[in-house]
Structure formats: structure tokens, C-alpha cells
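In the numbering used here, the protein residues as written are 1 to 129.
Glycine included, C-beta positions come from ideal geometry on N, C-alpha and C.
As the structure is a prediction and not an experimental result, all values here were calculated from the model.
A short worksheet on the structure shown next.
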């Protein structure tokens, strides 16, 4: 279910956002939302580049709380910057949900995750603790 949810939120949900809220230019908006996945280029600076149970929230530079504030500000700017903000925040939300899934199946896997307090809090709120 974790992989399905992750890819649904990265690929299908942006389509739904584009088609429902930006119907006139849905193809362009969908492309912009997909392009925001380039945020994951910051994973190339990690060592190792890929680690199975790593939570990207607050670990990679473009996945930090500070970056999220910047992405939130984009929501209040003109198109296409607000669409980019939507895509980047959706990406962070998707990655956060992925972290919560990982935590629910392997709490010790995220012991050293920079966002562990946030993940624990969310897990407690939704009843996974």
C-alpha cells in the first residue's frame, strides 16, 4: 500500500488537481506539477544517494522545513509560481506520508531521522503509535 500511495500522490493526484482546478490549461499545469519532482535532485548530494528507509523530510536540502516555508510563499504569487508551490508542497506531503508509512512498519528504521518528532506526532494523532 505504501508504494501505491506514494506513486498515486506523485503521478495521479497532480493530474486530478490539474484537471479539476485548471481545466482550461490542465496539460500545462500537469506538466508543471510533474516537473516539481525535480526537487529530488537534492538526493544526489546524500551519501549514499539511495537508502531504503531514509526519510527525506528535513534530511535533503530541498526537503527541509525552511524550504517548505518558501514553497508556501509561492502559493501567493502569480501563475506559474503558485502552481510550482502546489507541486512542491504536494511532493513534501507525499514524502512525509511515505515516512509515516515507514515508521508504522519499522519504528527503529527512523530513529535517526531529522523529522522523527514530526513523524511521531503525526503517527500519534492518526493512531499508529
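| Check | Outcome |
| --- | --- |
| Residue 39 versus 108, 6, 62, residue with shortest Cα-Cα distance | 62 |
| Alpha-carbon spacing of residue 50 relative to residue 75, whole angstroms | 30 Å |
| Host alpha helix (DSSP H) of residue 78 (start-end) | First-last for residue 78: undefined, no H or E at that position. |
| Cβ shell of residue 45 (< 8 Å), same chain only, five flanking positions each side left out | 60, 61 |
| Nonlocal neighbours in the same chain, by C-beta distance under 8 Å from residue 100, ignoring five residues either side | 119, 122, 123, 126, 128 |
| DSSP-derived helix/strand/coil call for residue 57 | coil |
| Under 7 Å between C-beta atoms of residue 53 and residue 109 | yes |
| Beta-carbon spacing of residue 71, residue 89 below 7 Å | yes |
| Start-to-end residues for the alpha helix (DSSP H) that takes in residue 35 | 26 to 35 |
| Nearest-angstrom Cα separation, counted from residue 16 out to residue 6 | 15 Å |
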